[in-house]
Amino acid sequence: MNFAIIAAGDGERLVREGALQPKPLLPLCGQPMLGRLLDIFVQCGAACISIIVNERMADVQRFVRDWQESHPAVSLRVVVRSTPSSMHSLAALCDVMPDGPFICTTVDTVFKADDFARYVTEFQTGGFLFGVTPFVDDEKPLWVVADADCRITAFCDEGSAPYVSAGIYGMDRATIAPILRKCLDSGRSRMRNFQRALLDEGIAIRAHVFNKVMDIDHLSDLKKAEAWLG
Numbered sequence: 000m001n002f003a004i005i006a007a008g009d010g011e012r013l014v015r016e017g018a019l020q021p022k023p024l025l026p027l028c029g030q031p032m033l034g035r036l037l038d039i040f041v042q043c044g045a046a047c048i049s050i051i052v053n054e055r056m057a058d059v060q061r062f063v064r065d066w067q068e069s070h071p072a073v074s075l076r077v078v079v080r081s082t083p084s085s086m087h088s089l090a091a092l093c094d095v096m097p098d099g100p101f102i103c104t105t106v107d108t109v110f111k112a113d114d115f116a117r118y119v120t121e122f123q124t125g126g127f128l129f130g131v132t133p134f135v136d137d138e139k140p141l142w143v144v145a146d147a148d149c150r151i152t153a154f155c156d157e158g159s160a161p162y163v164s165a166g167i168y169g170m171d172r173a174t175i176a177p178i179l180r181k182c183l184d185s186g187r188s189r190m191r192n193f194q195r196a197l198l199d200e201g202i203a204i205r206a207h208v209f210n211k212v213m214d215i216d217h218l219s220d221l222k223k224a225e226a227w228l229g
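Residues 0 to 229, numbered by numbering that gives the first Met the number 0, are exactly what the sequence shown covers, in order.
Written as structure tokens, this is what we have:
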């Protein structure tokens with residue numbers, strides 16, 4: 000299995016709240032968020048993990064190098080770059096990741112390992128599979144509309160759909176690369192607009208429901224996540 004992690008953001012809100020470490024290294028259940036995510040990917044059979052980290056976060060770059068040295072069986076492909084949006088980060092990852100199916104998340108996407116393992120199993124049956132959740136704790140959620148067969152039909156900034164995006168994307172590199180390029184060439188940005196572009200291009204995307212997925216946008220979210228994860 001191939002995986003990808005977007006960890007190129009500045010984490011500005013957390014810095015303003017007094018965070019003493021870069022967002023990817025904030026402790027969650029006794030280990031850095033990035034380390035927890037990498038470990039879950041390994042447990043799910045990761046052969047290659049592609050990751051983009053902010054060029055201004057030397058501590059994160061060092062952590063990634065140390066992790067790579069301690070996990071020689073995993074191919075780690077690292078991009079060090081600050082990007083204007085998550086769509087740009089995904090495009091940079093596409094330049095280095097192997098061809099074939101892969102699962103991508105942002106570094107602050109928090110889920111239970113068992114829930115994620117079930118998602119990986121379903122993704123391996125083929126096709127695009129995006130995580131969705133009925134749990135809403137986001138200032139600007141992306142609402143997801145799906146039909147009775149769990150096929151996604153729309154992504155909406157506003158609305159009353161039963162689910163929001165969980166920030167977990169199962170895709171195929173060769174399929175998305177030209178769509179990403181088309182989006183960037185036309186001046187589009189943000190992951191949500193890329194998701195809309197996939198639908199516009201006729202890509203079939205199934206929804207996998209997670210009961211709960213959290214994002215770490217504030218320091219208080221760490222305590223909430225730890226209480227939930229146990």
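No residue lacks a Cβ here, since even glycine has one placed at the ideal position from N, Cα and C.
These figures come from a predicted structure and were not determined experimentally.
Q | Nearest-angstrom Cβ-Cβ length linking V212 and T108, presumed shorter than 8 Å | A | Their Cβ separation, rounded to whole angstroms, is 6 Å, which keeps V212 and T108 in contact under 8 Å.
Q.
Report the CB separation of R172 from G125 in whole angstroms; it is logged as a contact under 8 Å.
A. Rounded, the Cβ-Cβ distance is 15 Å, inconsistent with contact.
Q | Close beta carbons around L37, own chain, < 7 Å, minus the five adjacent residues each side | A | Counting only residues of its own chain and dropping the five nearest sequence neighbours on each side, L37 has a CB closer than 7 Å to the CB of I48 and W66.
Q. Which runs of the beta strand (DSSP E), 3 residues or longer, sit entirely within the segment 36 to 64?
A. Entirely contained in the segment 36 to 64, the beta strand (DSSP E) runs reaching 3 residues are, in chain order, 47 to 52.
Q) Among S185, I39 and Q20, which has the Cα closest to the Cα of F110? A) Cα-wise, what sits closest to F110 is I39.
Q. By a C-beta neighbour count over all protein chains shown, 10 Å radius and 16 as the cutoff for buried, is P140 buried or exposed?
A. Counting the other CB atoms within 10 Å of its CB gives P140 a total of 16 or more, which places it among the buried residues.
Q: In angstroms with no decimal places, state the Cα-to-Cα distance between V95 and F2.
A: In a straight line, the C-alpha of V95 is about 12 Å away from that of F2.
Q | Extent of the continuous beta strand (DSSP E) to which L24 belongs | A | Element bounds for L24: n/a, residue is neither H nor E.
Q: Can you grab the Cα-Cα spacing for the pair V41 / G34, in whole Å?
A: Approximately 11 Å, taken between the alpha carbons.
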